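Residue numbers (the working numbering): 1 to 213.
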Ligand code: ACO
């Protein structure tokens with residue numbers, strides 16, 4: 001397979017892969033049962049993905065016959081995940097709320113560690129076809145994303161990992177863990193919100209410089 005930038009023309013095919021995989025099996029999406037019925041969708045997540053594709057720094061792994069094996073949807077970092085209260089989908093809102101909570105705690109830690117003017121590219125959605133996992137596709141997508149970040153003048157690349165497996169992939173590439181929140185410590189009215197199955201224990205924010213070897 002080759003890895004190349006996702007174009008607007010790829011949108012439908014990329015969404016097809018994500019709807020068969022990420023929409024169902026990303027640990028938080030799976031936990032809240034984001035997709036309730038077969039062939040239904042989450043408009044908010046689709047929109048989120050389309051916005052990333054539009055930024056032209058996302059990548060996908062594609063076979064010579066045109067089968068997409070995995071994607072990394074990347075975007076310029078906004079400080080958080082937007083105005084959560086505006087989200088009309090209660091399940092997606094629950095996820096955005098957690099990610100925003102983490103992003104808010106992360107930001108001052110980041111500001112202390114890295115120059116404020118740093119340009120950061122964020123890997124937002126990482127997904128490989130379930131039939132192709134454990135073969136280094138995510139690793140290859142992350143490496144290529146970093147290369148693109150470097151070419152486009154970003155100083156840093158950040159990955160917000162909700163899954164133990166994406167955290168494993170970035171750790172293996174030497175990314176630095178800057179912040180993590182254990183799911184068991186994230187509570188609403190004293191209740192743990194996400195009781196995820198093993199091995200997913202935390203949301204973890206990783207950073208790497210685009211220039212380090
Ligand atoms: N079961 C067991 N191990 C797995 C699995 C699995 N289902 N998936 C990945 N791994 C392990 C790999 O074996 C490897 O660890 P190892 O080196 O110790 O063997 C590590 O995770 C990463 O392996 P890769 O082959 O580079 O990654 P892969 O192509 O399998 O994709 C990904 C990893 C994207 C997390 C995939 O499992 C997936 O699509 N999961 C569902 C969606 C998801 O959770 N995405 C990440 C959310 S965070 C974010 O989007 C930024």
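Glycine is no exception: its CB is placed at the ideal position from the N, C-alpha and C atoms. Here the structure is a predicted model, which is why all the values come from computation and not from measurement.
Residue 169 has its CB nearer than 6 Å to a heavy atom of the ligand ACO.
Around the beta carbon of residue 174, a 10 Å sphere encloses fewer than 16 other beta carbons of the protein chains shown; the residue is thus reported as exposed. Residue side-chain check: residue 26 places its Cβ nearer than 6 Å to a non-hydrogen atom of the ligand ACO. Cβ neighbours of residue 110 within its own chain (closer than 7 Å, five residues either side excluded): 178. In the same chain as residue 28, and ignoring 5 residues on each side of it, the C-beta atoms closer than 6 Å to its own belong to 95, 162, in chain order. Restricting attention to alpha helix (DSSP H) runs no shorter than 4 residues, the stretch 66 to 142 encloses them at 90 to 113, ordered along the chain.
The DSSP-derived three-state label of residue 152 is coil.
Taking the Cβ of residue 133 as the reference point, at least one heavy atom of the ligand ACO falls within a distance shorter than 6 Å.
Pairing residue 3 with residue 144 gives a Cβ-Cβ distance under 7 Å. A Cβ-Cβ separation of about 22 Å leaves residue 105 out of contact with residue 74 under the 8 Å criterion. Per the coordinates, the alpha-carbon of residue 139 lies some 31 Å from the alpha-carbon of residue 192. In the structure shown, the three-state DSSP call for residue 173 is coil. Contact annotation, residue 14 with residue 71: C-beta distance approximately 5 Å; criterion of less than 8 Å satisfied.
At a cut-off of 6 Å, the beta-carbon of residue 109 does not count as near the ligand ACO: no heavy atom of the ligand is closer than that. Membership of residue 202 in the beta strand (DSSP E) is indicated by the continuous run 202 to 209. In this model, residue 115 and residue 128 are separated by some 33 Å (Cα to Cα).
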